[in-house]
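Protein chains: 4
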Amino acid sequence: MKLAMVGLGRMGGNMALRLSRHGHEVVLFDQSADAVKKINSEAKGSVAATSLEDVVSKLSSPKIVWVMLPAGKITGDTVEKLGSLLNKGDIVIDGGNSYYKDDLARAKKLAEKGIHFVDVGTSGGVWGLERGYCMMYGGSKEAADHIDPILESLAPGIGEIERTKNRGSELDPRAEKGYLHCGPAGSGHFVKMVHNGIEYGMMQAYAEGFDVIKEKNSQLLPEDQRFKLNVADIAEVWRRGSVVSSWLLDLCAQALVKDQELPQFKGEVPDSGEGRWTIEAAIEEDVPVPVMTASLFTRFRSRTGNNYAEKILSAMRFGFGGHIEPK
Amino acid sequence: MKLAMVGLGRMGGNMALRLSRHGHEVVLFDQSADAVKKINSEAKGSVAATSLEDVVSKLSSPKIVWVMLPAGKITGDTVEKLGSLLNKGDIVIDGGNSYYKDDLARAKKLAEKGIHFVDVGTSGGVWGLERGYCMMYGGSKEAADHIDPILESLAPGIGEIERTKNRGSELDPRAEKGYLHCGPAGSGHFVKMVHNGIEYGMMQAYAEGFDVIKEKNSQLLPEDQRFKLNVADIAEVWRRGSVVSSWLLDLCAQALVKDQELPQFKGEVPDSGEGRWTIEAAIEEDVPVPVMTASLFTRFRSRTGNNYAEKILSAMRFGFGGHIEPK
Amino acid sequence: MKLAMVGLGRMGGNMALRLSRHGHEVVLFDQSADAVKKINSEAKGSVAATSLEDVVSKLSSPKIVWVMLPAGKITGDTVEKLGSLLNKGDIVIDGGNSYYKDDLARAKKLAEKGIHFVDVGTSGGVWGLERGYCMMYGGSKEAADHIDPILESLAPGIGEIERTKNRGSELDPRAEKGYLHCGPAGSGHFVKMVHNGIEYGMMQAYAEGFDVIKEKNSQLLPEDQRFKLNVADIAEVWRRGSVVSSWLLDLCAQALVKDQELPQFKGEVPDSGEGRWTIEAAIEEDVPVPVMTASLFTRFRSRTGNNYAEKILSAMRFGFGGHIEPK
Amino acid sequence: MKLAMVGLGRMGGNMALRLSRHGHEVVLFDQSADAVKKINSEAKGSVAATSLEDVVSKLSSPKIVWVMLPAGKITGDTVEKLGSLLNKGDIVIDGGNSYYKDDLARAKKLAEKGIHFVDVGTSGGVWGLERGYCMMYGGSKEAADHIDPILESLAPGIGEIERTKNRGSELDPRAEKGYLHCGPAGSGHFVKMVHNGIEYGMMQAYAEGFDVIKEKNSQLLPEDQRFKLNVADIAEVWRRGSVVSSWLLDLCAQALVKDQELPQFKGEVPDSGEGRWTIEAAIEEDVPVPVMTASLFTRFRSRTGNNYAEKILSAMRFGFGGHIEPK
């Protein structure tokens, strides 16, 4: 199929490449002319564009524009601009990490003009070019069906992963190929958002576990209670046959091979929004999510020194017990 | 090799079978003569025994006895009895879920007589017979080396799982085959214990996420903010290419196929000790484990109705605000 | 001073009474004519009004209208209506539990017409009539100064509570009397909101503690490790000289006197918004608030039976271990 | 009455003084002769002793020895030694912060010789000399009754605190005076331990709240969403009439007067054991205590820099997303 990819960063660029490898014609655009040039030279059959107007002029109806930009204002501006350039029946896809409530507003606005909005949540990171991207998307059935060949090309496919038994015909066969039409506009990013909330929790579970293993050699313990354990080997052994095997564990095992002290990392951990939004959604639904909040708060605290809360604690201890902080 | 398997429940029975399939001669013993008879008929080359004394008499030195019993008193009693029956150079293996601090005492006691103690933490559950068991074990190097062929047979092996790149020669090659000599006695169960702590956290991460997805259709939300999402398809789509793919996710996907309301489950979730012990270990080491504790507490609360803490909350609300509980 | 009280429920009615006792003339209005009649008969010098228009006509400039309604739409509608009836220099006070971000919008709207908006967060519950109300408010200095006599009458005053030593002249002397001008519009409800977040955390701390004390007699413990403890006496003893003494503890002690099993409470605990908003604010600020979230989640869970998350946990346990739930 | 005070640190010294002011004769002993000399000169009617033997020789039967030492080995050794020096009917009181399970063992040992053991948990810190000590104690009824005059002198008494209404005759009148016989040996320290668990949770609730208030001026927020709030005034205003008023709040207000940035504190917060033990007890009882654990973990993290768990998180993020940590 023919489509445009707007935004050729690490994600958009690789997606354009993967699409061209699968025979799609991709019109390329990015704020950076260099990025366009680079992907244009790598993606067979791709076409360079110089502006959103140029992008639109190079497509044929129904025109499909995949926007792959960092979440936030720039995505909103781009979708709005596309709304002014496109016409009834055209399709705008937001493949970034937008807030699903923004999707609801954007879809509504575009619908006034008969333009379809599809929000695609994408997981797979830098590995997607080779492994394929796991995608959850929302939008009208009509739009979803129309862009199906694009999504199928981007997705990993069934591959060698063992199939779930007894999946009935009421279930969506696309799920087995790694992409899923979740529901109306906004639902794709919603599901991706929760995916990231789970990811935070899983990461924190491993992080806590490896910390307990590492600190089993801590000076705080009596000497005969200490074990000096090899974290790299432990991560490796769990990869085969254990209940905690996962792709995240594979990544841990890989990272630990080099130097299990992980000197290349400071441990200051950013968060990119989805974790927060998942907690917000959970609170709106009255659903307890203690693991997700604990995971987010660990990241907050990892990025600061001692905070005001901790000083307040020290102040109270001094107040009732005359406790002086340790030097 | 020749060894005895004491305890032929779901775990021990399957292990005896797997060992016999790999050509080992297994002396079988269980409190239940029926269990012995059943496994004896299935495990080629196995030998039935009628008592611990009989077990020991049927082995040749150095005698190897694998104890596979529920954690706790019965394991302790059996190990102690074996201590009285075995001699210098023999090996007692505890493959159950014993508390690692109990191992330290048991190993010390057996060492007085020159008997080796090996503690094996085993992950893999009911799938181990076919997939192999992931094992972490502690004990002397001498004992570990001697029983290596047994462990190799029980382990999954390298299989088709992609190998971690650049594993150096300072790392233990057995880890890639799914078994690992972690360190001295107790360290195997310690590592398995933390494994379970991680497992609790991962399970809770998925559980919270699927709950947020399910409740996105909650009556608490304004109607235009609700999505009716298909949890079975979402679990399935994440299995291919997403950051949250894992074996636990595979199991979720499988369970959800049948009826995504999960009517066959009440949601009262037991815990088997390791989660508690991991938290205890973390506290001894001054390591924060908020995700593990939240996971354990969710299980506690899942097994009761409204607890006293919640009544106290209601009592305070009534006290300061005259708040009457909703009917 | 002369002012109007709009909303004569448990809070507004008592405030009108307290103001009239302090010599203020209160114009009374409520949707319920009965409520107006009742308070009018109790509040000396008060004047009944029949509509917002009537309220406004009975005041003299600068007119002061205190709105004391449940948070949400009705407060917004009333403030908006008052905006159309009042003029430059008049003052609208929202004494309810409004969301502080709503205040920002309302204040801005009223400011276009030169009307002052003051948001008052009020703590003290049903006890305020006698003890006085602790109040935190936001708005212009001009408005805050003008309504000072009203707030001073509603506040508890210095009373017999020991004074904090060395409060310098840069601090606001009103704080010692139990009311405080926190900053611009919205800041009063913001501070009250955090107050409630703290309240949730403190309540949960007591609730957990009393639960641990009560369950020290649990069948789960070995018999020689159990204590049957008197929760009512323990709450009482802590009221004198302990680090955990507080007004909330006083309320616990009072509630426990009757029957320490608290049979009159089910333990299904509502939450009224401020706890959620505090967590939202904390997340916006990157501040970890694990205690506040745990407190809120306990309330969520107290209001449901076993939730979907817990069923997911059971489903996974069945998947990897064949674990059947206990009957 | 006549009794001995062993251990004349900040707590024991002040208790000896308070007892002498109430007319008791106190035999004084401490490892430090200077400490003995100092308290002897201040405590009217007190008697200096030079060893535990000397302590015992200076008392008359039934001899009462109050041990007021830091928890742990030294308390155990002292109680054991006293066990060898005392006789049937004598009373050993441990007023320190011992682990209640140690009490069980110590009481049992002393009981063999007919010596009573009383464990007293004490709250009140450096303020106890003037305000009196809140005490929870365990032991035989006989011993508890015998030492009642001592405890009554140490306790705050009813004072001016409003009395709880309708306390029935089945409740212990001593609770109103600030001391309580909780149950058998060990129960005093158990109740005090939970008291500290609650204290941790309350402290953390305030700490989080003040942090949210302080950071409302954070650069992370849009400028029109920031408030610069006065934490000292807010702490003060809550002291009068609010739901969160407490002694801990009084201490916060006092600490914040000086400099609300709290520059004298680093925010590295020790914990003294009781918080950990409360969590252990809760886990033994299957009681969820998320607030208490979150409070303890905040303290753990306050004492370290970025930990291994956080490095693991960064390593995973790098693995799946190529995310480089911020500089």
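Here the protein sequences line up with chains F, X, S and U, keeping their order.
Positions 1 to 327 (the numbering used here) are the ones given, in order, by the first sequence.
Positions 1001 to 1327 (the numbering used here) are the ones given, in order, by the second sequence.
Positions 2001 to 2327 (the numbering used here) are the ones given, in order, by the third sequence.
Positions 3001 to 3327 (the numbering used here) are the ones given, in order, by the fourth sequence.
Glycine residues also receive a C-beta, built at the ideal position from the N, C-alpha and C atoms.
What you are looking at is a predicted structure, and each value in this text was computed from that prediction instead of being measured.
Chain-ordered neighbours of residue i on chain U, where CB pairs are closer than 9 Å
i         : result
Asn2307/S : Per Cβ cutoff of 9 Å: no residues; Asn2307/S is ~14 Å from chain U at best.
Phe1318/X : Result: empty, since nearest Cβ-Cβ is about 13 Å, beyond 9 Å.
Glu130/F  : Correct list: empty, because the minimum Cβ distance to chain U is about 13 Å.
C-beta neighbour in chain S for residue i, strict 8 Å
i         : result
Glu280/F  : yes
Thr164/F  : no
Val359/F  : Residue coverage of chain F in this structure runs from 1 to 327, which leaves residue 359/F outside it and unanswerable.
Val3212/U : yes
Asp3103/U : no
Pro293/F  : This sequence places Thr at residue 293/F; Pro is not what is there. Yes, Thr293/F lies at the interface with chain S (some Cβ there is under 8 Å from its Cβ).
Leu3180/U : yes
Start and end residues, beta strand (DSSP E) containing residue i
i         : result
Lys1002/X : Lys1002 to Val1006
Phe1029/X : Glu1025 to Phe1029
Val2118/S : His2116 to Ser2123
Val1067/X : Ile1064 to Val1067
Val92/F   : Ile91 to Asp94
His2181/S : Tyr2179 to Gly2183
Under 8 Å by beta carbon: chain F residues contacting residue i
i         : result
Ile2283/S : Arg276, Ile279, Glu280 and Leu296
Phe2300/S : Asp286, Val287 and Pro288
Short CB-CB distance (under 8 Å) between residue i and chain X
i         : result
Lys2216/S : no
Thr3078/U : no
Val3243/U : yes
Ala2155/S : no
Glu2042/S : no
Short CB-CB distance (under 8 Å) between residue i and chain F
i         : result
Pro2288/S : yes
Ile1147/X : no
Val3126/U : yes
Lys3141/U : no
Residue i: contacting residues in chain X (beta-carbon distance under 9 Å)
i         : result
Cys2252/S : Ile1312, Ala1315, Met1316 and Gly1319
First through last residue of the alpha helix (DSSP H) which encompasses residue i
i         : result
Val2287/S : Here Val2287/S belongs to no alpha helix (DSSP H), and DSSP marks it neither H nor E.
Val1055/X : Leu1052 to Ser1057
Asn3191/U : Looking at the sequence itself, residue 3191/U is Val, so the reference to Asn does not match. Here the alpha helix (DSSP H) through Val3191/U covers Ser3187 to Lys3214.
Tyr2100/S : Tyr2100 to Ala2111
Tyr3133/U : No alpha helix (DSSP H) contains Tyr3133/U, which DSSP labels as neither H nor E.
Ser2060/S : Where Ser2060/S is concerned, there is no enclosing alpha helix (DSSP H), given that its DSSP letter is neither H nor E.
Ile3161/U : Where Ile3161/U is concerned, there is no enclosing alpha helix (DSSP H), given that its DSSP letter is neither H nor E.
Under 9 Å by beta carbon: chain F residues contacting residue i
i         : result
Leu3248/U : Met316, Gly319 and Phe320
Per-residue contacts from residue i into chain U (C-beta, under 8 Å)
i        : result
Leu262/F : Tyr3308, Lys3311, Ile3312, Ser3314 and Ala3315
Where residue i meets chain U, residues with beta-carbon distance less than 7 Å
i         : result
Trp2395/S : Examination of residue 2395/S is not possible in this model, given that chain S is present from 2001 through 2327 alone.
Val2191/S : Ile3213, Leu3229 and Ile3234
Cross-chain neighbours of residue i in chain F, by beta carbon under 7 Å
i         : result
Glu3208/U : Ala309
Lys3081/U : Those do not exist, as Lys3081/U stays about 24 Å from chain F at its closest Cβ, beyond 7 Å.
Interface partners of residue i on chain S, CB under 8 Å
i         : result
Lys3228/U : Gly2183
CB contact below 8 Å: residue i versus chain B
i         : result
Glu2112/S : Of the protein chains in the structure, F, X, S and U, none is chain B.
Neighbour list for residue i in chain X, Cβ cutoff strictly below 8 Å
i       : result
Ser84/F : Within 8 Å Cβ-Cβ: nothing; Ser84/F doesn't reach chain X, min ~25 Å.
8 Å Cβ cutoff, residue i in contact with chain U
i         : result
Leu2221/S : yes
Closer than 7 Å at the beta carbon, the chain X residues around residue i
i        : result
Met202/F : Met1202, Ala1205 and Val1244
Are the stretch 2196-2205 of chain S and the stretch 3229-3245 of chain U touching, with three or more C-beta to C-beta distances below 8 Å? The way I'd put it, the stretch 2196-2205 of chain S does touch the stretch 3229-3245 of chain U; three or more beta-carbon pairs between them come closer than 8 Å.
Using 8 Å as the Cβ pair cut-off and three pairs as the minimum, do the stretch 3146-3163 of chain U and the stretch 2266-2273 of chain S touch? Not touching, per the Cβ criterion.
Inspect the CB distances between the stretch 2182-2193 of chain S and the stretch 3131-3147 of chain U and report whether three or more fall short of 8 Å. Proximity of the stretch 2182-2193 of chain S to the stretch 3131-3147 of chain U falls short of the contact definition, fewer than three beta-carbon pairs being nearer than 8 Å.
Can you list the alpha helix (DSSP H) stretches of 4 or more residues lying completely in the stretch 1215-1292 of chain X, in chain order? Secondary structure within the stretch 1215-1292 of chain X: the alpha helix (DSSP H) runs of 4 or more consecutive residues, fully enclosed, are 1231-1238, 1247-1258 and 1274-1284 (chain order).
Per the contact definition of three or more C-beta pairs closer than 8 Å, is the stretch 1010-1027 of chain X in contact with the stretch 3275-3284 of chain U? Too few Cβ pairs lie closer than 8 Å, so no.
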